[in-house]
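Chemist: Just dropping this structure here.
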Amino acid sequence: MQKRRCLLDNRGLVPYGIAWEAQQSLVARRLQNPTLDDILLLLEHPPVYTLGTGASLDFLKFDPNRTPWDVYRIERGGEVTYHCPGQLVGYPILNLHHYQQDLHWYLRQLEEVILQVLGGYGLHGYREPGLTGVWLEGYKVAAIGIKVKRWITMHGFSLNVCPDLQGFSRIIPCGIAGKPVGSLAQFIPDLEVQQVKENLCKAFAKVFQVELIDIAARSRS
Numbered sequence: 125m126q127k128r129r130c131l132l133d134n135r136g137l138v139p140y141g142i143a144w145e146a147q148q149s150l151v152a153r154r155l156q157n158p159t160l161d162d163i164l165l166l167l168e169h170p171p172v173y174t175l176g177t178g179a180s181l182d183f184l185k186f187d188p189n190r191t192p193w194d195v196y197r198i199e200r201g202g203e204v205t206y207h208c209p210g211q212l213v214g215y216p217i218l219n220l221h222h223y224q225q226d227l228h229w230y231l232r233q234l235e236e237v238i239l240q241v242l243g244g245y246g247l248h249g250y251r252e253p254g255l256t257g258v259w260l261e262g263y264k265v266a267a268i269g270i271k272v273k274r275w276i277t278m279h280g281f282s283l284n285v286c287p288d289l290q291g292f293s294r295i296i297p298c299g300i301a302g303k304p305v306g307s308l309a310q311f312i313p314d315l316e317v318q319q320v321k322e323n324l325c326k327a328f329a330k331v332f333q334v335e336l337i338d339i340a341a342r343s344r345s
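Under the numbering used here, the first residue of the sequence shown is numbered 125, with each subsequent residue one higher.
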């Protein structure tokens with residue numbers, strides 16, 4: 125059986141607003157034409173805070189109307205989180221009609237991708253019962269928040285590879301008090317985002333059983 129194609133849009137540092145608009149455009153096109161290929165955006169963001177649709181401002185330790193940092197309220201689920209360079213962010217735009225029309229299944233698949241990446245480095249990541257994301261030795265290293273419209277997905281996951289974690293101190297990440305945020309670099313010094321990107325692509329293709337096609341490589345050929 126031929127694997128479903130998924131395009132890979134591998135970017136560098138992208139301002140949050142630009143990436144958000146790109147996702148909205150990609151989703152809109154696929155709602156109009158469901159035969160379009162799935163696509164995975166991989167990138168990093170400059171420092172930014174994002175809140176889910178129903179996220180509480182109680183989890184911010186600053187006034188969002190008087191702050192030097194960018195703050196966005198977006199259409200994903202979940203509470204507040206923080207993005208910055210050194211954090212690998214993935215936005216899968218998938219048509220779940222071709223996978224499983226089950227949001228819990230999809231969330232667990234995204235976690236499984238992260239778990240496999242960690243396992244490749246000999247790190248034992250795990251899930252916390254009743255919560256979404258991936259933990260490592262008591263630290264939350266990956267956050268997940270999604271939006272699905274007519275079974276087309278957007279938003280996705282963030283994996284802390286080697287970020288400056290100071291920005292997380294200004295919030296209660298994901299609304300979960302008492303569970304610190306960590307990074308892979310705490311356990312594997314000198315780990316870089318590009319290296320993890322390559323391993324994440326392999327894990328994503330394996331978990332979702334897709335053929336991942338790099339847009340940039342295809343345009344060069």
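Think of the CB as a built atom: it goes at the ideal place given N, C-alpha and C, for glycine as much as any other residue.
In three-state terms, what does DSSP make of residue 333?
Modeler: Reading the sequence shown from its first residue, position 209 is the one you call residue 333. Three-state DSSP puts residue 333 in coil, outside helix and strand.
Chemist: Quick one: is residue 178 buried, meaning 16 or more other Cβ sit within 10 Å of its Cβ, or exposed?
Modeler: For the purposes of this step, residue 178 is taken as the residue at position 54 of the sequence shown. Classification for residue 178: exposed.
Chemist: From this set, 321, 220, 249, which residue's C-alpha is nearest residue 135's C-alpha?
Modeler: Position 11 of the sequence shown, counted from the first residue, corresponds to residue 135. Among 321, 220, 249, the Cα nearest to that of residue 135 belongs to 321.
Chemist: Could you check what DSSP says for residue 262 in three-state terms: helix, strand or coil?
Modeler: The residue you call residue 262 lines up with position 138 of the sequence shown. It is coil, neither helix nor strand.
Chemist: Which value, in whole angstroms, describes the spacing of the CA atoms of residue 226 and residue 216?
Modeler: The sequence position of residue 226 within the sequence shown is 102, counting from 1. The sequence position of residue 216 within the sequence shown is 92, counting from 1. Taking the straight line joining both Cα atoms gives about 15 Å.
Chemist: Return the first residue and the last residue of the beta strand (DSSP E) that residue 207 is part of.
Modeler: Walking along the sequence shown from the start, residue 207 turns up at place 83. Residues 205 to 207.
Chemist: Looking at the unbroken beta strand (DSSP E) that takes in residue 173, where does it start and where does it end?
Modeler: Here residue 173 refers to the residue found at position 49 of the sequence shown. Here the beta strand (DSSP E) through residue 173 covers 172 to 175.
Chemist: Tell me the DSSP secondary structure of residue 233 in three-state form.
Modeler: Your numbering for residue 233 matches position 109 in the sequence shown. In the structure shown, residue 233 sits in a helix (DSSP, three-state: H, G or I).
Chemist: Alpha carbon to alpha carbon, how far is residue 311 from residue 142? Give it in angstroms, no decimals.
Modeler: Taking the sequence shown and counting its residues from 1, the one referred to as residue 142 is at position 18. Taking the sequence shown and counting its residues from 1, the one referred to as residue 311 is at position 187. In a straight line, the C-alpha of residue 142 is about 32 Å away from that of residue 311.
Chemist: Relative to the C-alpha of residue 185, which residue among 168, 205, 166, 170 is closest?
Modeler: Numbered from 1 along the sequence shown, position 61 holds the residue referred to as residue 185. It is 205 whose Cα lies nearest to the Cα of residue 185.
Chemist: Kindly identify the DSSP beta-bridge partner or partners of residue 187.
Modeler: Walking along the sequence shown from the start, residue 187 turns up at place 63. DSSP output for residue 187 lists no bridge partner at all.
Chemist: Measure the C-alpha to C-alpha separation of residue 266 and residue 283 and round it to an integer number of angstroms.
Modeler: The residue given as residue 266 occupies position 142 in the sequence shown. The residue given as residue 283 occupies position 159 in the sequence shown. Approximately 4 Å between the Cα atoms of the pair.
Chemist: For residue 180, count the other beta carbons within 10 Å of its own beta carbon; 16 or more makes it buried, fewer makes it exposed. Which is it?
Modeler: Taking the sequence shown and counting its residues from 1, one reaches residue 180 at position 56. By the neighbour-count rule (16 or more Cβ atoms within 10 Å), residue 180 is not buried but exposed.
Chemist: In whole angstroms, give me the CA-to-CA distance for residue 194 and residue 169.
Modeler: Here residue 194 refers to the residue found at position 70 of the sequence shown. Here residue 169 refers to the residue found at position 45 of the sequence shown. Near 11 Å, if we compare the C-alpha coordinates of residue 169 and residue 194.
Chemist: Which of helix, strand or coil does DSSP assign to residue 267?
Modeler: Numbered from 1 along the sequence shown, position 143 holds the residue referred to as residue 267. Looking at residue 267 - three-state DSSP - the assignment turns out to be strand.
Chemist: Just the C-alpha distance for residue 328 and residue 237, rounded to the nearest angstrom, thanks.
Modeler: Along the sequence shown, one-based indexing puts residue 328 at 204. Along the sequence shown, one-based indexing puts residue 237 at 113. Cα to Cα, the separation comes out at about 6 Å.
Chemist: Could you check whether the stretch 270 to 278 touches the stretch 147 to 164, counting it as contact only if at least three pairs of C-beta atoms, one from each stretch, sit closer than 8 Å?
Modeler: Judged by Cβ distances under 8 Å, the stretch 270 to 278 makes contact with the stretch 147 to 164, as three or more pairs qualify.
Chemist: Taking the runs of the alpha helix (DSSP H) that are 4 residues or longer, which of them lie wholly in the stretch 134 to 166?
Modeler: With a minimum length of 4 residues, the continuous alpha helix (DSSP H) runs that stay inside the stretch 134 to 166 are 140 to 156.
Chemist: What is the residue span of the beta strand (DSSP E) that residue 211 lies within?
Modeler: Here the question's residue 211 lines up with position 87 in the sequence shown. Taken as a continuous stretch (DSSP letters only), the beta strand (DSSP E) holding residue 211 covers 211 to 217.
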